[in-house]
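Data block below; observations after.
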Amino acid sequence: MTSPREFWSLFEPLHAVTYFTPQAGAAFEAAGLTGFWRRYFAGRAAALGAVGAGPVTAAFFGFAPRMVARALPDVWTRITPEAAVAARTAGAAAALTALFEGLPESTVVGAADMLEEAARAVALPGRVLAAAHADLPWPAEPVARLWHAATILREHRGDGHVAALLTAGVDGCESLVWRAGLDGGRLREVTQPARGWTDEEWQAAAERLAGRGWLTAEGAATAAGRDAYAEIENLTDRLAAAPVRNAVLLAPLTERVWTVLPDDNPIPLRR
Numbered sequence: 003m004t005s006p007r008e009f010w011s012l013f014e015p016l017h018a019v020t021y022f023t024p025q026a027g028a029a030f031e032a033a034g035l036t037g038f039w040r041r042y043f044a045g046r047a048a049a050l051g052a053v054g055a056g057p058v059t060a061a062f063f064g065f066a067p068r069m070v071a072r073a074l075p076d077v078w079t080r081i082t083p084e085a086a087v088a089a090r091t092a093g094a095a096a097a098l099t100a101l102f103e104g105l106p107e108s109t110v111v112g113a114a115d116m117l118e119e120a121a122r123a124v125a126l127p128g129r130v131l132a133a134a135h136a137d138l139p140w141p142a143e144p145v146a147r148l149w150h151a152a153t154i155l156r157e158h159r160g161d162g163h164v165a166a167l168l169t170a171g172v173d174g175c176e177s178l179v180w181r182a183g184l185d186g187g188r189l190r191e192v193t194q195p196a197r198g199w200t201d202e203e204w205q206a207a208a209e210r211l212a213g214r215g216w217l218t219a220e221g222a223a224t225a226a227g228r229d230a231y232a233e234i235e236n237l238t239d240r241l242a243a244a245p246v247r248n249a250v251l252l253a254p255l256t257e258r259v260w261t262v263l264p265d266d267n268p269i270p271l272r273r
């Protein structure tokens with residue numbers, strides 16, 4: 003039986019090609035939209051319609067409000083939500099098609115069928131981003147269908163993760179500071195500017211977490227902080243649990259995707 007976290011590790015990289023491949027960028031440029039963050043916010047928010055910065059800041063959770071407001075709502079003067087959905091799907095499908103070259107068609111179709119079944123089975127109440135993407139038309143082509151299913155599932159898990167963080171009394175900036183304290187390395191260097199938080203906001207969040215006994219004064223996670231984060235991840239897993247059959251079908255596809263994902267990406271997605 004595949005655990006929810008193991009399943010996530012297989013479908014999340016499939017979704018992530020929309021951020022880190024040249025095909026994804028080219029599809030948006032062909033639709034008239036340039037700039038990584040314009041593409042990011044337009045593409046991910048488009049399922050919600052021509053929405054402003056407030057709802058997106060709330061739903062995406064980890065971004066500073068000013069970061070979101072740089073793109074929204076102005077981006078909708080450059081591209082419609084419908085065109086953004088089409089460009090995002092086309093770019094992701096083109097990237098995955100190139101990566102899957104040489105694999106038997108049956109491998110891709112089988113994985114797409116399995117992932118679609120899983121995506122259609124998840125409960126959507128309280129999952130705004132997942133529900134918005136689930137409400138979009140399903141692509142007919144197998145690779146695009148695979149990516150669409152992966153996107154619904156990753157937003158479903160993400161919505162649940164936000165709920166778990168809120169249950170623990172953790173805000174968006176704190177969630178990133180905490181993760182940096184857990185993982186170390188270059189995570190702060192990558193994620194802080196990508197999410198738009200100032201040094202002062204980052205430090206204030208670190209002090210709040212230290213006040214709860216979860217970070218040291220130097221910003222490293224304490225044993226209590228690691229235990230508390232493990233509880234959040236476990237709750238996220240429980241909220242993401244759904245019947246999954248033959249998740250192993252994704253393994254050869256995901257392995258190829260990892261070859262193009264940057265190690266220090268701002269999602270942050272780590273292998």
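Numbered per our numbering, the sequence shown finishes at 273, counting up by one with no gaps. Where a beta carbon is used, it is the ideal one built from N, C-alpha and C, also for glycine. It should be emphasised that the depicted structure is a prediction, and the values quoted were computed from it without experimental measurement.
**Message:** Just list the residues that DSSP pairs Leu-217 with in beta bridges.
**Reply:** Ala-223
**Request:** For Gly-93, collect the residues of the same chain with a Cβ closer than 6 angstroms to its Cβ; drop the 5 residues on either side in sequence, then sort them by chain order.
**Result:** Gln-25, Ala-26 and Ala-29
**Prompt:** Between which two residues does the alpha helix (DSSP H) harbouring Asp-161 extend?
**Reply:** 144-169
**Message:** Quick check: the Cα distance between Glu-209 and Glu-202, rounded to an integer number of angstroms?
**Reply:** 11 angstroms
**Item:** Beta-carbon spacing of Ala-114, Arg-156 below 8 angstroms
**Value:** no
**Item:** Rounded separation between His-150 and Ala-219 - CA only
**Value:** 43 angstroms
**Item:** For Asp-76, the three-state DSSP class (helix, strand or coil)
**Value:** helix
**Inter-residue spacing [alpha-carbon to alpha-carbon] between Gly-186 and Ala-222** = 7 angstroms
**Message:** I believe Phe-63 touches Gly-174 by the beta-carbon criterion, under 8 angstroms. Please report the beta-carbon distance rounded to the nearest angstrom.
**Reply:** 5 angstroms
**Message:** Restricting to runs no shorter than 4 residues, where is the alpha helix (DSSP H) found entirely within the segment 41-103?
**Reply:** 55-62, 67-71 and 83-101
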